[in-house]
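Below is one structure, written out as structure tokens; comments come after it.
Number of protein chains: 2
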Amino acid sequence: MGEFELIAKYFSAVGAKRSDVITGVGDDGAVIQVRDGHDLVVTTDTMVSGTHFFANDDPRALGHKLVTVNISDLAAMGAEPAWLSLALTLPEVNEHWLSQFSAGINETAEYYNCQLVGGDTTRGPLSLTMTAKGLVPRGKALSRSGAKVGDYIYVTGTLGDAALGLKLQQGLHQVSKKHQTHILQRFQYPSARVALGQALRNIANSAMDLSDGLYGDIQHILHRSAVGASIDVQKLPLSQALKDSCDNNTAYGLALSGGEDYELLFTVSENKRGSLDVLLSPYGVAITCIGRITGAIGKLELKKSEQTFSYQPQGFKHFA
Amino acid sequence: MGEFELIAKYFSAVGAKRSDVITGVGDDGAVIQVRDGHDLVVTTDTMVSGTHFFANDDPRALGHKLVTVNISDLAAMGAEPAWLSLALTLPEVNEHWLSQFSAGINETAEYYNCQLVGGDTTRGPLSLTMTAKGLVPRGKALSRSGAKVGDYIYVTGTLGDAALGLKLQQGLHQVSKKHQTHILQRFQYPSARVALGQALRNIANSAMDLSDGLYGDIQHILHRSAVGASIDVQKLPLSQALKDSCDNNTAYGLALSGGEDYELLFTVSENKRGSLDVLLSPYGVAITCIGRITGAIGKLELKKSEQTFSYQPQGFKHFA
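In the order they appear, the protein sequences are chains A and B.
Under our numbering, read the first sequence as residues 1 to 320, first letter to last.
Under our numbering, read the second sequence as residues 1 to 320, first letter to last.
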């Protein structure tokens, strides 16, 4: 089977069928009708075998995660996800793998109302790159650069579960039976906070998604916004599963430096803070205030019971 | 040096500075103001070390080619190139390589008035994926699916030079000294037919770019348009350099199945054919009529002096 038949079979009709896609998979490029009065938001994420996943990982979960990590970036911008491109590099044709991987992409893309509109399939070491595109009302995109001194810092959901899930999958950490499914699910089938991200458009001063761990990720907001931050580690939202599975310090470490949570980190000024719970309650996602933005440019201060919390960051960095 | 500093150093300001880019490199995603009344065109191409190039190839030429192959797809759609995303997978940090590669992207992106707006850098086997985005007036995008029976088939420029350049670079074919620079240039620094592609918007019934060789590529038009084609191999436009370097059959073989020419293939109905030379002459690119579209669905007929030309295709196919 040639490259083109392969693509046609597994990737010609993936995800939602959107009426704004004039030309999808199969031409030199995709043609898309962008909604007037909106800005386009574009993001790209690569997952490399041996770096971000293992060659024998469940291909359906990989397809799910590839879509989710990209959609999560769009969510952090306050964008509505819409169109996906896939660059797939494969060492060989494995039909079972392809069918499962494309099924994972298909069901997740459909869930987020996204259509796969094109891409490229090549031969080489297993690697998955997705470019996701979405829409935001003109001028309403969230960014990492808008945090203001005095802003309250919030995160969605709970932190550290995905990192514990990775340890569990690798056999490096025990988790009691009743929590195993939840913890593995958080690692293998993460969710993107799309509705909440859109709800933050007129509320948050800055936002980003947590992919490499809070401790490292928040530095981007500090850098781009030229501010500092003070975080109370005791306020970090931890799941019951995480608390039951780890001692305190391990739990704080996973919450601070464990990657792949795909929760949102955002900052809100004092005058918008009062109505926050009411405005965000319809989205069914817990939000937790974990600290404040300070004027100490580039400085991240961790506190516990009003004491400085001493912490050696273990954030994931390629090329570190 | 961490991943983020690396990206910031070499990829934070690459290509043209466009006023429609609200947020570029450095946030969760790029934010782009799309021109009203236009459709968005998106294309993705991957180049894998060992499959599409060699690890010791000139990184500046690689940067140039990565941009050009993507822009060429936009040209084939009649689109105006605008924004690029780069997914770069590297086995290690090599500053010389990075500086040359980003210089190649920068100068080529600038030439085509494109801005690099984001991407991802990861560790793994060397691989380059670019997603290019462009604009076309609403409803005016060219496609592979519009060819009509009776259309005249045209190609731009000359065919087979890039394939000869690859053989020359590999030491597999001799080329006389006076032609070497031209032939290597055609392989290492191809051009995308952007202005001509835009000029074809109201002229061509179908169009595509030639990346894998005419013989294989035209099948996409036959398949998508449900037509056939008859091509006179004696009409294939060959450069003097190619004719001087090869016997007739080798030259036809390179022109039919040699990849990476990045010329445009397009079809035009009889009633638009008369004014074609006049309309396209300002673009300084030769066009050559090489045959007709027929009603024999899916059939590609090659002729030479009115006789059937017997040819064993050698088109490049991943996973073939």
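Where is the CB? At the ideal position from N, CA and C, for every residue including glycine.
All values reported here derive from a predicted model rather than from experimental measurement.
Pairwise C-alpha distance: residue j and residue i
i, j, result
"residue 195 of chain A", "residue 108 of chain A", "15 Å"
"residue 207 of chain A", "residue 264 of chain A", "7 Å"
"residue 223 of chain B", "residue 247 of chain B", "32 Å"
"residue 307 of chain A", "residue 290 of chain A", "15 Å"
"residue 320 of chain B", "residue 93 of chain A", "With a pLDDT of only 37 at residue 320 of chain B, under the threshold of 50, the placement of this residue in the model should not be trusted, and no figure is reported."
"residue 284 of chain B", "residue 75 of chain B", "15 Å"
"residue 25 of chain B", "residue 119 of chain A", "22 Å"
"residue 126 of chain B", "residue 102 of chain A", "24 Å"
"residue 44 of chain B", "residue 201 of chain B", "21 Å"
"residue 130 of chain B", "residue 146 of chain A", "29 Å"
"residue 211 of chain B", "residue 143 of chain A", "38 Å"
"residue 381 of chain A", "residue 35 of chain B", "As shown, chain A starts at 1 and ends at 320. That puts residue 381 of chain A outside it, with no answer to give."
"residue 157 of chain A", "residue 277 of chain A", "14 Å"
"residue 111 of chain A", "residue 191 of chain A", "11 Å"
"residue 302 of chain B", "residue 252 of chain B", "11 Å"
"residue 80 of chain A", "residue 72 of chain A", "11 Å"
"residue 46 of chain A", "residue 121 of chain B", "8 Å"
"residue 165 of chain A", "residue 8 of chain B", "32 Å"
"residue 249 of chain B", "residue 63 of chain A", "46 Å"
"residue 310 of chain B", "residue 221 of chain B", "21 Å"
"residue 304 of chain B", "residue 133 of chain B", "40 Å"
"residue 254 of chain B", "residue 85 of chain A", "31 Å"
"residue 181 of chain B", "residue 56 of chain B", "20 Å"
"residue 270 of chain B", "residue 295 of chain B", "15 Å"
"residue 176 of chain B", "residue 17 of chain A", "54 Å"
Beta-carbon gap between residue i and residue j smaller than 8 Å
i, j, result
"residue 51 of chain A", "residue 50 of chain B", "no"
"residue 244 of chain B", "residue 173 of chain B", "no"
"residue 227 of chain A", "residue 293 of chain A", "yes"
"residue 21 of chain A", "residue 13 of chain A", "no"
"residue 313 of chain A", "residue 216 of chain A", "yes"
"residue 116 of chain B", "residue 66 of chain B", "no"
"residue 15 of chain A", "residue 61 of chain A", "no"
"residue 256 of chain B", "residue 300 of chain B", "no"
"residue 141 of chain B", "residue 41 of chain B", "yes"
"residue 288 of chain B", "residue 154 of chain B", "yes"
"residue 258 of chain A", "residue 162 of chain A", "yes"
"residue 268 of chain A", "residue 204 of chain A", "yes"
"residue 87 of chain B", "residue 87 of chain A", "yes"
"residue 10 of chain A", "residue 90 of chain A", "no"
Helix, strand or coil at residue i [DSSP, three-state]
i, result
"residue 197 of chain A", "helix"
"residue 292 of chain B", "strand"
"residue 59 of chain B", "helix"
"residue 127 of chain A", "strand"
"residue 260 of chain B", "coil"
"residue 49 of chain B", "strand"
"residue 297 of chain A", "coil"
"residue 319 of chain B", "Only weak support exists for where residue 319 of chain B lies, its pLDDT of 47 falling under 50; the value from the coordinates is given anyway. In this structure, residue 319 of chain B counts as coil in the three-state DSSP scheme."
"residue 91 of chain B", "coil"
"residue 212 of chain B", "coil"
"residue 322 of chain A", "There is simply no residue 322 of chain A to check, as chain A begins at 1 and stops at 320 in what is shown."
"residue 283 of chain B", "helix"
"residue 40 of chain A", "strand"
"residue 153 of chain A", "strand"
"residue 110 of chain A", "helix"
"residue 140 of chain B", "coil"
"residue 121 of chain B", "strand"
"residue 8 of chain B", "helix"
"residue 266 of chain B", "strand"
"residue 255 of chain A", "helix"
"residue 158 of chain A", "coil"
"residue 15 of chain B", "strand"
"residue 207 of chain B", "strand"
Proximal residues of chain C, C-beta to C-beta of residue i below 7 Å
i, result
"residue 143 of chain B", "Within the model displayed, chain C is absent; protein chains A and B are what it includes."
In DSSP terms, what residue i is bridged to
i, result
"residue 32 of chain B", "A/40 and B/21"
"residue 229 of chain A", "A/293 and A/300"
"residue 83 of chain B", "B/115 and B/133"
"residue 307 of chain B", "B/304"
Heavy atom of the ligand ADP within 7 Å of residue i beta-carbon
i, result
"residue 177 of chain B", "Among the ligands in the structure shown, none appear at all, so the ligand ADP cannot be discussed."
*Quick one: which residues of the region 40-66 of chain B get their C-beta closer than 9 Å to a C-beta of chain A? List them in chain order.*
So the close ones are 40, 41, 42, 43, 44, 45, 46, 47, 48, 49, 50, 51 and 52.
_Members of the region 22-36 of chain A that neighbour chain B once the beta carbon cut-off is set at 8 Å_ = Using a CB distance below 8 Å, the part of the region 22-36 of chain A facing chain B consists of 22, 23, 26, 27, 28, 29, 30, 31, 32, 33, 34 and 36, ordered along the chain.
*Where the region 76-95 of chain B meets chain A: residues whose CB sits under 9 Å from a CB there*: Taking a C-beta cut-off of 9 Å against chain A, the contacting residues of the region 76-95 of chain B are 76, 77, 79, 83, 85, 86, 87, 88, 89, 90, 92 and 93, listed in chain order.
*Using a beta-carbon distance cut-off of less than 7 Å, what residues from the region 210-243 of chain A approach chain B?*
Residues of the region 210-243 of chain A with a C-beta less than 7 Å from any C-beta of chain B: 224, listed in chain order.
*chain A contacts from the region 100-114 of chain B (Cβ-Cβ distance under 9 Å)*: Residues passing the 9 Å Cβ filter: none.
*What residues from the region 142-163 of chain A come within 8 Å of chain B, judged by C-beta to C-beta, listed N to C?*
Within the region 142-163 of chain A, the residues whose Cβ lies closer than 8 Å to any Cβ of chain B are, in chain order, 143, 144 and 145.
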